[in-house]
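>
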Amino acid sequence: MIMPPKKQEKPTKEKKDVKKDVKKDTSAESELIEKKIKTPELLRGFKDILPVDQGKWNFVRDSIRSLAESYSYDRIDLPVLEKADLFHKTIGKGTDIIDKEMYVFTDPSNRSVAMRPEATASAARAYINHGMLEQPQPVKLWYTGPMFRHDRPQAGRYRQFYQAGFESFGADEPIVDAQMIVMGLQIFKDLGLNVKVQINSIGTAESRSAYIPELVAYFRSHRSKLCDEDKRRLQKNPLRLLDSKDEVARGLLDGAPQILDWLDDKSKEHFMKVIEFLDEVEIPYELNPFLVRGLDYYTHTVFEFLLADDEGTKAQNALGGGGRYDGLVELLGGRPTAACGFALGLERMVRALAKYDINPPQFPEPKVFFAQLGDAARRVGLGLFEEFRQVKVPIVEAAGKNALKAQLEVANKLGVKITLILGQKEVLDGTIIMRDMESGAQETVDVKKVIQLVQKHLEK
RNA sequence: GCGACCAUGGUGAAACGGUUAUCACAGCGGUUUGUGGUACCGCUAUUACGGGUUCGAUUCCCGUUGGUCGCCCCA
0 MIMPPKKQEK PTKEKKDVKK DVKKDTSAES ELIEKKIKTP ELLRGFKDIL PVDQGKWNFV
60 RDSIRSLAES YSYDRIDLPV LEKADLFHKT IGKGTDIIDK EMYVFTDPSN RSVAMRPEAT
120 ASAARAYINH GMLEQPQPVK LWYTGPMFRH DRPQAGRYRQ FYQAGFESFG ADEPIVDAQM
180 IVMGLQIFKD LGLNVKVQIN SIGTAESRSA YIPELVAYFR SHRSKLCDED KRRLQKNPLR
240 LLDSKDEVAR GLLDGAPQIL DWLDDKSKEH FMKVIEFLDE VEIPYELNPF LVRGLDYYTH
300 TVFEFLLADD EGTKAQNALG GGGRYDGLVE LLGGRPTAAC GFALGLERMV RALAKYDINP
360 PQFPEPKVFF AQLGDAARRV GLGLFEEFRQ VKVPIVEAAG KNALKAQLEV ANKLGVKITL
420 ILGQKEVLDG TIIMRDMESG AQETVDVKKV IQLVQKHLEK
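Numbering (numbering that gives the first Met the number 0), first residue to last: 0 to 459.
1) By Cβ distance below 6 Å, which residues in the same chain neighbour W261 in space, the five residues on each side in sequence not counted?
2) Enumerate in chain order the residues of its own chain whose CB-to-CB distance from G380 is below 7 Å, with the five nearest sequence positions on each side excluded.
3) If distances are taken between C-alpha atoms only, which option among D308, G340 and S266 comes closest to F168?
4) Rounded to the nearest angstrom, how far is the Cβ of I180 from that of F289, given a contact under 8 Å?
5) By Cβ distance below 8 Å, which residues in the same chain neighbour L85 in space, the five residues on each side in sequence not counted?
6) Assuming G250 is part of the alpha helix (DSSP H), what are its boundary residues?
7) List the whole-angstrom C-beta distance separating M182 from F160, where the pair is believed to meet the contact cut-off of C-beta under 8 Å.
8) Rounding to the nearest angstrom, what Cα-Cα distance links S438 and E385 in this structure?
9) Is D308 helix, strand or coil by DSSP?
10) Could you tell me whether the Cβ atoms of R222 and R232 are closer together than 8 Å?
11) Hey, K416 and K366: beta-carbon distance below 8 Å or not?
12) Within this structure, are the beta carbons of L318 and R347 separated by less than 8 Å?
13) Check this for me: beta carbons of P173 and V280, under 8 Å apart or not?
14) Return helix, strand or coil for R115, following the three-state DSSP convention.
15) Considering only residues of the same chain and omitting the five flanking positions on each side of T94, which have a CB-CB separation below 7 Å?
16) How many angstroms separate the CA atom of I201 from the CA atom of S243?
17) In chain order, which continuous runs of the alpha helix (DSSP H) of length 4 or greater are located wholly inside the region 27-95?
18) Report the CB separation of A376 from V426 in whole angstroms; it is logged as a contact under 8 Å.
19) In three-state DSSP terms, what is L192?
20) Specify the secondary structure class of V446 as computed by DSSP and reduced to three states.
21) Grab me the residues of T418's own chain with a C-beta within less than 7 Å of its C-beta, minus the 5 sequence neighbours each way, in chain order.
Shown next, in the form of structure tokens:
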């Protein structure tokens with residue numbers, strides 16, 4: 000008992016040394032060069048979505064797609080790159096998205112282009128470009144894909160992030176606004192996420208231009224009390240004062256003029272109807288008179304989807320948002336067209352699933368493993384594997400492994416019920432071995448009957 | 001864009017100025033070449049990168065890159 004280890008020790012030690020020396024001599028140089036070339040690094044704020052996460056991602060993507068289909072929204076795929084101008088016009092100068100965060104560059108043909116920071120503008124552009132205003136209205140489109148904003152990365156905030164969005168063009172009815180909210184909430188419900196919606200109306204551009212001076216006047220009278228950030232807002236983007244996180248500003252908000260009071264009658268009526276519809280279908284919502292959104296094109300109804308119980312981090316708890324944008328198509332040179340839509344942040348949804356430990360429904364595990372030995376068996380196996388696939392018996396293999404042992408280890412890890420073993424002998428005899436993984440019992444059967452036999456065995 | 005914290009193998013951790021960087025899990029290979037789940041053995045890290053201090057740095061300092069958190073913004 001003592002002897003063998005001693006015998007082994009010596010050779011292994013020698014082997015070790017040899018190996019190390021060999022490594023140093025032959026590959027050390029190339030290794031060094033590789034390292035010096037720098038191991039590749041991800042761009043800041045960019046992320047790989049790895050196979051382990053795809054389950055949750057597919058859950059999110061599938062929920063969105065099936066909802067889109069049941070509400071008969073048509074899929075549209077829009078380019079990632081657009082003329083920079085498109086976003087300047089629509090999202091608005093003065094917004095952070097445009098001024099600080101957009102990936103803009105000059106392309107080889109000397110055009111100013113931008114990686115899309117969102118897709119509503121592109122959807123409106125497509126609506127105009129392809130004469131969709133001649134189609135039966137409303138035109139209902141949905142999309143999903145990556146968006147780009149050069150913001151400082153944080154949890155739930157990336158420079159490339161995925162959005163899915165729904166846009167309805169050509170309907171000014173309040174029911175459309177309400178339906179958007181219903182749809183959004185339904186997706187979250189399908190995912191098992193507890194999400195609340197906040198809504199507000201910011202009316203038309205005219206009513207806002209009447210309201211903003213009032214708001215500014217109010218806060219100006221309290222200017223000395225405001226924090227620096229809010230003073231800046233007062234000048235740059237007064238509406239943002241409404242969702243300031245500073246306590247002083249929050250305290251002042253109670254006495255501040257509310258945008259709802261400044262809406263014209265039509266806007267008020269529109270908003271009232273949206274709310275009535277929501278009441279009708281018993282959708283819980285929160286009226287948030289301080290909700291404003293960061294893009295210029297919004298009119299009337301605006302809403303945001305928030306995680307309902309967001310103890311812990313308050314940041315990045317908005318999972319999506321949207322609203323009406325009646326002026327957008329006209330702004331881009333189309334015929335005046337009412338429109339409404341919303342977008343969802345996919346990584347925030349995936350993150351919420353992880354946070355609440357919600358796992359997507361699992362698809363059935365394969366129950367049959369196919370082990371093959373030698374080239375002849377591989378050749379036969381190729382066809383057999385395909386036959387199994389056609390009768391929809393999920394079957395897996397590990398073609399990268401040679402040893403039967405290694406293949407059985409994989410089969411075992413997969414928790415498979417049956418392993419089929421095909422080797423040289425069996426190929427010659429036209430047979431195959433069927434092994435029950437629980438009992439370990441195995442029998443040699445006619446390869447032509449194996450599919451039937453496997454199906455029978457699985458039924459038990 | 002501003003501020004703070006962090007960075008050890010595929011993963012989670014340990015060491016903390018001092019000889020061959022420790023442990024667990026995963027991975028791969030092996031324990032006689034066609035049989036799994038256990039056991040045993042072996043292999044897998046120039047301590048993110050680049051500089052500096054030091055006789056000596058994973059450990060201290062600076063820069064870069066990346067991550068996280070708050071602000072800002074938003075999805």
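Just so you know, even glycine gets a beta-carbon here, dropped at the ideal spot from N, CA and C.
Since the model is a prediction, treat every value here as computed from it, not as a measurement.
To lay it out plainly:
1) S206, A209 and Y210
2) F369, Q371 and L421
3) G340
4) Contact doesn't hold; Cβ gap of about 18 Å is too wide.
5) A113, A120, S121, R124 and L331
6) E246 to L252
7) M182 to F160, Cβ: 21 Å. No contact.
8) 27 Å
9) coil
10) no
11) yes
12) yes
13) no
14) coil
15) G293, L294 and D295
16) 17 Å
17) 27-35, 50-69 and 83-90
18) 5 Å
19) coil
20) helix
21) F368, A370, L407, A410, R434 and M436
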